[in-house]
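Colleague: Residue numbering for the sequence shown follows my numbering, starting at 1 and increasing by one per position.
In this text, a Cβ means the ideal position worked out from N, Cα and C, and glycines have one as well.
Predicted model, so just to flag it, every value in this text is computed and none were measured.
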Amino acid sequence: MPQPHISALALDIGRRRIGVAGCDRLGLLVTELPTVQNRSFRTVVDEIKAIATERRVNVLVVGLPYSMNGELGKQAVWVQTFAEKLSSILQIPVEYVDERLTSFQAEQMLQAEGVTLSRHNKGLIDQKAAAIILQQWLDQRDRPSTVPSSPSPTSSVTGDPE
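1) Measuring only the C-alpha atoms, how far is S67 from K74?
2) Please go through the same chain and pick out, in chain order, the residues whose beta-carbon is closer than 8 Å to the beta-carbon of A8, but skip the five residues on each side of it.
3) Using the C-alpha atoms, what's the distance from R17 back to D126?
4) Only counting the same chain, and skipping five residues up and downstream in sequence, which positions put a Cβ closer than 8 Å to that of V79?
5) Leaving out five residues on either side along the sequence, give the residues of the same chain with a beta carbon under 7 Å from the beta carbon of M109.
6) Since I believe V45 is in contact with I89 (beta carbons under 8 Å), could you give me their beta-carbon distance rounded to a whole number of angstroms?
7) In terms of residues, what are the limits of the alpha helix (DSSP H) holding L110?
8) Over the uninterrupted beta strand (DSSP E) stretch that includes V94, give me the two end residues.
9) Let me check one thing: in DSSP terms, what residues is G19 bridge-paired to?
10) For Q91, which of helix, strand or coil comes out of DSSP?
11) What are the boundary residues of the alpha helix (DSSP H) that includes E47?
12) Whole-angstrom Cβ separation of G123 and T35, contact assumed at under 8 Å?
13) Is the CB-CB distance between A112 and E32 below 7 Å?
14) Could you check what DSSP says for E32 in three-state terms: helix, strand or coil?
15) Using DSSP with H/G/I as helix, E/B as strand and the rest coil, what is V79?
16) Got a sec: is the Cβ-Cβ distance from E95 to anything in chain C below 7 Å?
17) List the DSSP bridge partners of V61.
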């Protein structure tokens, strides 16, 4: 049975930007939030903490970029390490959603809305991708998950997420 009140914060974690989306307390409406620039891990922690505190977030939902064959590649392992570290510092549990093709879907949706995409508004794609990730998670809450809440890395992390 789903929780009566949920406050999830979805993150589309990238090396330059982090798309962010939240939902209402009933888990019905998804809202795109401002993109966080990934300049330093400490800055990301501070910005996400402020959003999480304001929204009383009780779960982080992170898109995991599985490869097209369903394996965890280097980028997915890096994202998972980043998310686990963020989760630990913020003391908020993290759950994962398979985010394959969400950026492509986001671009298609923005173009359908008449948005001209350029290098100056890539944050819009990240926001929309985070919203798609959160909507997928909300849709799957009542069904058994196909993505484990803590997948095992299949390769070592190259580089610290800081």
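Modeller: Quick answer:
1) 10 Å
2) G22, C23, G27, V57, N58, V59, L60, V61, L134, W137, L138
3) 7 Å
4) I13, V62, G63, L64, P65
5) K128
6) 6 Å
7) 102-112
8) 94-98
9) D12
10) coil
11) 41-55
12) 4 Å
13) no
14) strand
15) helix
16) The structure shown contains no chain C; it is built from a single protein chain.
17) A10, E95
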